[in-house]
Every structure is written in structure tokens, then in C-alpha cells.
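The structure appears right after this line, and notes come after that.
Number of protein chains: 2
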Amino acid sequence: MSTLEDIAGKAKAGTLYGIGVGPGDARYMTLRAAALVRSVDVLAYFAKTGRQGNARRIVSPLVGSGRRELRFEYPVTDEIPSGHPDYEAQIAAFYRQTAEVLEAEVRGHSSVGLLAEGDPFFYGSFMHMWRRLAPIVPVEVVPGVTGMSGCWTRANAPITWGDDILTVLPGTLDEASLTHRLAASDAAVIMKIGRNLAKVRRAVHAAGLIERAIYVERGTMPDERIVPLAEMDDVEGTYFAMVIIPGQGRRL
Amino acid sequence: MSTLEDIAGKAKAGTLYGIGVGPGDARYMTLRAAALVRSVDVLAYFAKTGRQGNARRIVSPLVGSGRRELRFEYPVTDEIPSGHPDYEAQIAAFYRQTAEVLEAEVRGHSSVGLLAEGDPFFYGSFMHMWRRLAPIVPVEVVPGVTGMSGCWTRANAPITWGDDILTVLPGTLDEASLTHRLAASDAAVIMKIGRNLAKVRRAVHAAGLIERAIYVERGTMPDERIVPLAEMDDVEGTYFAMVIIPGQGRRL
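Shown next as C-alpha cells:
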């Protein structure tokens with residue numbers, strides 16, 4: 015029988031790791047992710063100004079003192095709408111500079127672990143580094159448990175049964191599109207709730223799904239909050255909130 | 015700094031665990047899943063007749079000799095189409111009997127780990143046990159990395175960017191529905207390819223997505239196979255195959 019360490023392996027010099035750290039609870043990190051977090055020379059992560067950074071907080075039980083860290087602070091988050099040209103220009107410049115810093119570290123023979131909430135290839139900032147760096151330096155991507163898996167687990171709501179179709183929608187869609195997409199889904203997850211909460215609730219209502227919809231905020235984290243969407247009266251949700259609409263496919 | 019074992023915890027007597035074992039590579043099991051696989055009194059799993067059982071194979075590096083195991087063999091798999099009343103009746107009886115065996119184990123104070131490929135609440139047999147047993151005995155569900163995360167990681171294909179909508183479709187849908195759903199998606203995953211391969215390929219073609227589509231078989235497993243769908247000429251896919259169509263949302 016192998017030890018967890020035998021199975022998980024270690025970081026290699028001169029490699030960038032995109033480490034999916036899972037939905038929030040450190041127990042839901044993969045063996046590979048945990049081993050890399052403990053063995054990379056440099057831990058890198060994105061964070062909002064003035065915040066610890068969610069991915070960094072998730073891995074904190076695994077990080078001893080004295081580790082070299084690179085913290086990349088977004089120049090803007092939601093002060094400017096994400097479709098606005100100023101937002102895009104500032105974020106693109108920031109990603110370009112960040113990729114240069116990471117490239118220099120890897121070319122200097124460091125092993126660098128860039129943390130990604132959930133799964134690195136399912137939304138998120140890591141992909142913008144990956145598209146710049148994977149063509150030029152060694153990159154390994156470590157899949158993670160998605161935030162949505164964490165949320166439907168904690169909501170005690172199996173999401174897809176039998177031949178259910180699942181639709182994952184960003185809450186940023188306009189209300190008519192949301193309604194239309196929801197009405198055509200067997201099961202749905204609506205991400206990026208935040209300021210879109212009121213609109214999302216109206217769309218879920220209009221699609222006739224309000225009785226099944228569950229609001230989950232910070233699922234699997236210590237301060238998680240799970241409420242039927244019909245009873246969620248707040249004006250805004252948080253960034254780490256989603257709405258889960260479980261499917262009703264074949265029960266056997 | 016905590017050890018992996020401190021973080022992951024152990025199994026408790028008289029509890030049923032639904033353990034998501036991830037997409038196939040043992041390194042992609044979560045810390046919690048690995049700790050439970052090593053500490054439960056009884057390992058339980060579903061398998062096809064004459065096969066080792068995929069979930070059981072995934073955890074084999076973690077299982078020593080002498081562990082008590084419960085193997086549940088499906089009475090039918092794909093000899094009868096899944097919508098057929100004979101299939102439904104036989105599977106429902108099998109699930110009912112299996113749930114009774116698990117219930118007796120848990121009531122006898124064993125800790126029982128029922129293995130689930132990928133994530134336990136995303137398709138799969140575990141949910142049919144959960145709906146019978148969660149109301150009557152202690153059940154803990156451990157989320158896992160889904161098969162689709164494993165596949166898009168190995169295909170080196172970030173699935174959703176920016177505000178992409180993701181649709182997860184079963185390959186069992188009829189061709190017109192598949193085509194229509196695909197044409198309306200930014201990004202898509204088609205599961206349950208198997209005998210549906212030819213139909214799925216025609217639908218992907220008709221939706222104008224053939225250039226982006228990737229066929230992934232047994233993603234993250236030692237015998238994985240990754241081919242552009244346009245070059246995949248086999249008549250049938252395998253059970254563990256899916257088609258991945260990455261989104262083209264905002265690159266920054």
C-alpha cells in the first residue's frame with residue numbers, strides 16, 4: 015500500500031503548476047494539489063486589494079513559515095463593469111506583467127505553484143496565465159473540485175440524475191436570456207451572483223423554478239450560508255455565491 | 015503546519031460515506047476521500063459483471079490487504095436500453111437490495127465507504143443509495159473532481175472563459191436535440207458517448223463545432239486517449255468517453 019506522499023509526487027524545478035485548490039474546505043484539495051502546495055519553491059496567487067486572497071486562505075493549513083510567496087493584486091475588481099474597455103485594458107496589462115514575473119521565476123529554475131480556486135480550467139484567472147505561458151515553459155495543470163460541486167454537496171442536492179441536461183450560466187447574462195436558458199434546462203447552476211442576485215431571482219421565478227432553487231454562499235467554507243432562493247431577501251449576494259437548481263431526472 | 019492526515023480526518027463508526035474518487039488518476043482524489051478510503055471498515059462499490067469496477071481500481075494504491083469489501087454487481091448494464099421497463103425494474107430492485115445491505119452494515123456500527131467515480135452528486139449510482147439512506151442513517155458526501163474536469167485538463171483545453179455558458183449533455187439525446195443544444199452553447203461537454211458516438215459526431219458537425227471538438231476516452235487513466243473528434247473514425251466510443259467543446263469567451 016502506497017503512502018499519500020508516494021502517490022502525490024513532488025514539484026520539479028523550472029515548472030509552473032496551476033493548482034486547483036478546490037471549493038474552500040482544505041480537505042477537498044486533491045493529493046496532488048496538497049503535495050505541490052507543500053513542495054513548490056514559490057507559492058503564487060491572485061488577490062483583491064486589501065484581502066487575504068481566497069485561494070491563499072484555502073491552502074493556509076498546508077503552508078509553513080518561510081515560504082517564498084508572490085501575491086498578485088488585481089488593479090480593479092468590480093469598481094468598473096467587466097465589459098468596460100478600461101477594465102479590459104487594465105486587467106490585460108496586469109495579466110501580461112504577471113505572466114512575465116512568473117516566466118522569469120520558472121526560467122530561473124524555481125518550481126512555482128499558482129493557486130486557482132476550484133478547477134483551474136473552469137473560469138478564473140489562471141487560464142489567462144496558461145495561454146501566455148504554456149507555449150513557452152513547462153506547465154502542469156492540476157484539476158480541482160469545482161466550487162459548484164462543493165455547493166451542491168453542502169446543499170445536499172444531487173445535481174443531475176439519469177439523462178438530465180445541466181446548464182452553467184453566469185449571473186451576468188441579461189434577464190431575458192437567463193429566463194430562457196433556465197426554462198430549457200433540467201438542472202442549472204448560476205455563477206457570479208453578487209450584484210446580479212435580484213435579476214437572477216426574477217429570472218428563476220419567471221422560469222418556474224423558484225421552488226427548487228437554492229442560494230449557496232461560500233459553500234464548504236466556515237462561514238457558508240445555504241438558503242432556499244425564495245427566502246433569500248438580501249439585495250445583493252456575495253462574490254462566492256451561486257444558485258443551484260437540482261435536476262429531477264430518473265430515480266431508480 | 016498540519017499534516018495531511020490532521021486535515022483529512024478519519025471515518026466514524028455507523029456512518030455511510032459517499033466518496034468521490036475523482037476522474038481516474040489516484041493523485042486527483044481529495045485528502046478527505048483518501049483518508050476515508052484508508053480508514054473505513056468496509057469498502058463498497060458498484061461494478062459490471064466480470065470487471066474489476068472502475069472506482070475500485072482508482073483507489074487500489076490506497077487499499078491494503080485484509081480490508082472487508084462489498085462488491086455490488088449490476089444485474090444489467092447496456093444489454094437492455096436504459097429507458098426499457100425491464101431495465102428500470104431490474105435496476106430498481108438491485109438498488110433497493112443494495113441499500114438494504116448498506117443500511118444493515120451502518121446500523122451494525124460499521125463505517126462504510128461507497129465509492130463513486132468523479133463527484134457523487136454528478137450523475138452516477140451513489141445518488142440512488144443516497145436518496146434511500148440519507149433520511150434514515152448518517153451519511154457524509156465527499157465531493158470529487160469530476161470526470162469532465164479530468165478530461166478537459168488532459169486535453170489541455172480550458173473549458174469556460176469570461177461569461178461562457180457551459181452545457182453538459184448526455185449523448186443519449188436524439189440527434190436533433192443534441193444539434194439544437196450544441197448550437198446554443200458557448201462551451202459543451204457531451205457525456206455517455208459509447209454507442210452514441212456516430213450520432214454525436216453528426217450533431218457536432220451540424221452545429222458547426224467539429225473543429226473545436228475533442229474526443230477524450232478514459233481521461234487521466236493510464237490508457238487515456240485524446241483525439242480531435244473530426245479524426246475519430248471508430249464506430250463506437252467507450253463508456254468512459256466524452257466529447258469536450260471548449261468555450262471561446264473573453265481572453266484578457
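If you read the protein sequences in the order shown, they are chains A and B. Here the numbering used here runs 14 ahead of the position in the first sequence, where the first position is 1. Here the numbering used here runs 14 ahead of the position in the second sequence, where the first position is 1. For each residue, glycine too, the CB sits at the ideal point set by N, CA and C.
Asked: Coil, strand or helix - R265 (chain A) by DSSP; Found: coil
Asked: Close beta carbons around H123 (chain B), own chain, < 8 Å, minus the five adjacent residues each side; Found: A27 and G28
Asked: Inter-stretch contact (C-beta, 8 Å, three-pair minimum) for the stretch 49-56 of chain B and the stretch 48-63 of chain A; Found: no
Asked: Continuous alpha helix (DSSP H) stretch holding L192 (chain B): start and end; Found: E189 to A197
Asked: Expected contact under 8 Å - CB spacing of M143 (chain A) and V203 (chain A) to nearest Å; Found: Contact flag wrong, Cβ pair sits at about 25 Å.
Asked: Contact set between the stretch 243-266 of chain B and chain A, restricted to residues whose Cβ is under 7 Å from the partner; Found: R265 and L266
Asked: Contact list for the stretch 131-142 of chain A against chain B, Cβ threshold 7 Å; Found: D133, F135, F136, Y137, M141 and H142
Asked: Under 9 Å from the C-beta of V182 (chain B): neighbouring residues of chain A; Found: T174, D178, I179, L180, T181, V182 and A201
Asked: Closer than 7 Å at the beta carbon, the chain A residues around L18 (chain B); Found: L18 and A48
Asked: Cβ separation of A25 (chain A) and L50 (chain A), assumed to be a contact under 8 Å, to the nearest whole Å; Found: 5 Å
Asked: Where the beta strand (DSSP E) through R82 (chain A) begins and ends; Found: R82 to E87
Asked: Closer than 7 Å at the beta carbon, the chain B residues around R145 (chain A); Found: R265
Asked: Cβ-based neighbour list, F108 (chain A), same chain, cut-off 7 Å, excluding 5 preceding and 5 following; Found: Y88 and P89
Asked: Per-residue burial, V182 (chain B) [other beta carbons within 10 Å of its own, 16 or more giving buried]; Found: buried
Asked: Euclidean distance between Cα positions of P236 (chain B) and A244 (chain A); Found: 46 Å
Asked: Identified DSSP bridge partners for I259 (chain B); Found: B:A202
Asked: Continuous beta strand (DSSP E) assignments of at least 3 residues falling wholly in the stretch 39-115 of chain A; Found: 56-61 and 82-87
Asked: C-beta neighbour in chain A for G158 (chain B), strict 9 Å; Found: yes
Asked: Beta carbon proximity, S163 (chain A) to chain B, threshold 9 Å; Found: yes
Asked: Residue ranges of each beta strand (DSSP E) within the stretch 126-184 of chain B, 3 or longer; Found: 153-156 and 180-184
Asked: Enclosing alpha helix (DSSP H) for R215 (chain A) [first to last residue]; Found: L211 to A220
Asked: Closest by C-alpha distance to S199 (chain A), when choosing among A:R71, A:L76, A:I173 and A:K213; Found: A:I173
Asked: Contact with chain A by R41 (chain B), beta-carbon distance below 9 Å; Found: yes
Asked: Strand pairing of P242 (chain A), partner residues [DSSP]; Found: A:I228
Asked: Where L30 (chain B) sits in the DSSP three-state scheme; Found: strand
Asked: Residue-chain proximity (M102 (chain B), chain A), Cβ-Cβ < 9 Å; Found: Position check: residue 102 (chain B) holds Glu in this sequence, whereas Met was assumed. At least one chain A Cβ lies under 9 Å of E102 (chain B).
Asked: Chain B contact for G36 (chain A) (CB, 9 Å cutoff); Found: yes
Asked: Partner residues on chain A for A113 (chain B), Cβ-Cβ distance less than 9 Å; Found: Those do not exist, as A113 (chain B) stays about 11 Å from chain A at its closest Cβ, beyond 9 Å.
Asked: Proximity below 9 Å, CB of M43 (chain B) to CB of V73 (chain B); Found: yes
Asked: Counterpart residues of G36 (chain B) in DSSP-defined beta bridges; Found: B:G132
Asked: Sub-9 Å separation of E117 (chain A) and I150 (chain A) beta-carbons; Found: yes
Asked: Closer than 9 Å to chain B by CB, G23 (chain A); Found: yes
Asked: Best match in A:G158, A:G67, A:A113 and A:D177 for proximity to R146 (chain A) [C-alpha to C-alpha]; Found: A:A113
Asked: Proximal chain A residues relative to L76 (chain B), where beta-carbon distance stays under 9 Å; Found: M15, S16, L18 and I21
Asked: Contact set between the stretch 82-93 of chain B and chain A, restricted to residues whose Cβ is under 7 Å from the partner; Found: none
Asked: Distance between beta carbons of P75 (chain A) and A40 (chain A), contact taken as under 8 Å; Found: 5 Å
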